[in-house]
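First to last, the sequence lines map onto chains A and B. This note's numbering applies: residue 1 is where the first sequence begins, and numbers increase by one. This note's numbering applies: residue 1001 is where the second sequence begins, and numbers increase by one. A virtual CB, placed ideally from N, CA and C, is assigned to each residue, including glycine. What you are looking at is a predicted structure, and each value in this text was computed from that prediction instead of being measured.
Number of protein chains: 2
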Amino acid sequence: MVNNKRIVLIGAGNVATHMGLGLQKAGWEITQVYSRTVESASELAARLEVPFVTSLEEVCTDADVYLVMVKDAALQELIPTVVKGREQALFVHTAGSMSMDVWKGMAQRYGVLYPMQTFSKQRTVDFASVSFFVEANGAEELDVLQTMASSLSPKVYEATSAQRTYLHMAAVFACNFANHMYTLSAYLLEKQGLPFDAMLPLIDETARKVHTLCPAEAQTGPAVRKDANVMNKHLEMLAEEPELKEIYKIISKSICHSGQNEV
Amino acid sequence: MVNNKRIVLIGAGNVATHMGLGLQKAGWEITQVYSRTVESASELAARLEVPFVTSLEEVCTDADVYLVMVKDAALQELIPTVVKGREQALFVHTAGSMSMDVWKGMAQRYGVLYPMQTFSKQRTVDFASVSFFVEANGAEELDVLQTMASSLSPKVYEATSAQRTYLHMAAVFACNFANHMYTLSAYLLEKQGLPFDAMLPLIDETARKVHTLCPAEAQTGPAVRKDANVMNKHLEMLAEEPELKEIYKIISKSICHSGQNEV
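Below, the structure written as structure tokens:
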């Protein structure tokens, strides 16, 4: 199979930007970009050197694949309009937490292409290290999605909608919530005029460790040592930060519980 | 100055193990290991090929530096016995959250040598990328600690006890709590028979991102997008995990608030 499908990007956010650039680089023909706002539609269209539209009715009707990459809340709303008049095409979304069945009864050929990665516009993505999870409503459709994903990364897996939902929730913990711990750390340091950069070796080693140890084994710090002195001192230091104090308490408690489970 | 001090290690946990091995490799003479339990004392002593004792009274009295690396809760208790009969030596602890003043009125020459890193016995530590924070009660003492730290890493900084306490608390968030997010992620995946390995590229990229973006800018996921659909779905999936559900809620709320602060 060759990368001979004509693809329209519906959406121009972080995921659409990186997927669009990646697919184009891999030889796929991106024919058009749609976004609600001129600003983001034109920005991505310029980077890809393709036309853009800001109304779904203007989206071309002759593409092979409509790759929908919008906020989950917008996806369901948008589906009937996207599919209408384009019934022969393959419809694909990239949302970790949305079932493939959002297409059911709407489109005839459909699927999901979920790149499990954190995309920021300012960062180049190394697609080769991104895991892709694909699902489709037919063998031919699955084949197209596998070809698309394989053109970006060697790590392509089939996953059902139920499995993907759990993968996505697990990613929220391992990525989004871990990053927020960095944010809180940076906030606490900044208040004292201390540089966040000092944390980077620690952050790197924390990430590296779980390549060889399971995360529960890799756990260090006052909570896993049940060092009440230190934890109480930290809670006192957070006296004027009720939200951070609550987060400190509940995560420390959860670390203690995880420790107990292992024994 | 040369690495000509004779050092006794008080403690044989993760920090003592890595510091002992690192200092010995850097040319310092480790003369003895103390730990309460024969098991851990003998294990570290064997790795260093030095004698060990399990009673503080038996610790030799003629070393230059007593490097105390025990649980914070044990430190204060242990100080009078360690110092007694060894008043001319330099006394040092490695605890991020303990003030240098724990030595005050006990020892005459003292300080703190805080390696900001997560130490697991099973992992080799790359000391060159560890930040060390030093503090001492005199210029000569500070000089010894700076020489010791510099023999392990180029990243040696002076920090007051107050600053170090904040550095340590910030490290609890950026390292210990981030790692617990990995643990919860692994737990959720395991329950579904899904491999934690799939998360590693995501964990790596999340850590890499904050080298070039500040963590708040790097934030992605449903909470920062204020995607209530996804968050509610995840909370439903966590219905039988009250602790995880609570953690999910409070961190998502905190991410939303951080977003608001930036606007």
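For residue i, return the contacting residues in chain A, with the cut-off set at a CB-CB distance below 7 angstroms.
i, result
"lysine 1071 (chain B)", "Arg225 and Asp227"
"methionine 1116 (chain B)", "Ala198 and Leu202"
"valine 1230 (chain B)", "Asp72 and Ser97"
"glutamine 1192 (chain B)", "Gln163 and Tyr166"
"isoleucine 1010 (chain B)", "Chain A residues near isoleucine 1010 (chain B): none, gap ~17 angstroms exceeds 7 angstroms."
Are the C-beta atoms of residue i and some chain A residue less than 8 angstroms apart?
i, result
"glutamate 1262 (chain B)", "Note on glutamate 1262 (chain B): pLDDT 41, under 50, position unreliable in the model; the coordinate value appears next. No - not a single Cβ of chain A is within 8 angstroms of the one on glutamate 1262 (chain B)."
"proline 1222 (chain B)", "yes"
"lysine 1005 (chain B)", "no"
"methionine 1237 (chain B)", "yes"
"leucine 1090 (chain B)", "no"
"glutamine 1032 (chain B)", "no"
With a threshold of 8 angstroms between beta carbons, is residue i in contact with chain B?
i, result
"tyrosine 299 (chain A)", "There is simply no residue 299 (chain A) to check, as chain A begins at 1 and stops at 263 in what is shown."
"serine 258 (chain A)", "yes"
"threonine 37 (chain A)", "no"
"tryptophan 28 (chain A)", "no"
"glutamine 146 (chain A)", "no"
"leucine 79 (chain A)", "Correcting the residue type first, residue 79 (chain A) is isoleucine in the shown sequence and not leucine. Judged by the 8 angstroms Cβ criterion, isoleucine 79 (chain A) is not in contact with chain B."
Residue i versus chain A: which residues are under 8 angstroms apart at the beta carbon?
i, result
"valine 1130 (chain B)", "Pro201"
Tell me, which residues are paired with residue i by DSSP?
i, result
"serine 1131 (chain B)", "B:Met1116"
"glycine 111 (chain A)", "A:Val92 and A:Ala136"
"phenylalanine 52 (chain A)", "A:Val33"
I'd like the span of the alpha helix (DSSP H) that includes residue i, first residue to last.
i, result
"histidine 1093 (chain B)", "Here histidine 1093 (chain B) belongs to no alpha helix (DSSP H); instead the beta strand (DSSP E) covers 1090 to 1093."
"arginine 1208 (chain B)", "1200 to 1209"
"arginine 1225 (chain B)", "Neither: arginine 1225 (chain B) is in no alpha helix (DSSP H) and is coded neither H nor E."
"glutamine 1076 (chain B)", "1072 to 1083"
"lysine 1191 (chain B)", "1178 to 1191"
For residue i, go through chain B and note every residue whose CB falls closer than 8 angstroms to its CB, in chain order.
i, result
"glutamine 14 (chain A)", "This sequence places asparagine at residue 14 (chain A); glutamine is not what is there. Neighbours of asparagine 14 (chain A) on chain B, chain order: Thr1220."
"lysine 233 (chain A)", "Ser1097 and Thr1165"
"leucine 189 (chain A)", "Tyr1166, Leu1167 and Ala1170"
Interface residues of chain B around residue i at Cβ under 7 angstroms?
i, result
"alanine 186 (chain A)", "Cys1214 and Pro1215"
"glutamine 122 (chain A)", "Leu1213"
Just to confirm the assignment, what range does the beta strand (DSSP E) spanning residue i have?
i, result
"valine 33 (chain A)", "29 to 34"
"glutamate 158 (chain A)", "156 to 158"
"leucine 1067 (chain B)", "1065 to 1068"
"arginine 6 (chain A)", "6 to 10"
Give me the chain B residues within the contact set of residue i, using Cβ-Cβ distance strictly less than 9 angstroms, ordered along the chain.
i, result
"phenylalanine 52 (chain A)", "Within chain B, no residue comes near phenylalanine 52 (chain A); the closest Cβ sits about 22 angstroms away, beyond 9 angstroms."
With 9 angstroms as the limit, tell me which residues of the region 1163 to 1178 of chain B have their beta carbon closer than that to any beta carbon of chain A; keep them in chain order. Gln1163, Thr1165, Tyr1166, Leu1167, His1168, Met1169, Ala1170, Ala1171, Val1172, Phe1173, Ala1174, Cys1175, Asn1176, Phe1177 and Ala1178
Mind checking the region 199 to 212 of chain A against chain B and listing, in chain order, the residues whose C-beta falls within less than 9 angstroms of any C-beta there? Met199, Leu200, Pro201, Leu202, Ile203, Asp204, Glu205, Thr206, Ala207, Arg208, Lys209, Val210, His211 and Thr212
Taking Cβ-Cβ distances below 9 angstroms as the criterion, which residues of the region 1240 to 1253 of chain B are in contact with chain A? Residues are counted here when their Cβ sits less than 9 angstroms from a Cβ of chain A; for the region 1240 to 1253 of chain B these are Glu1243, Leu1244, Glu1246, Ile1247, Tyr1248, Ile1250, Ile1251, Ser1252 and Lys1253, given in chain order.
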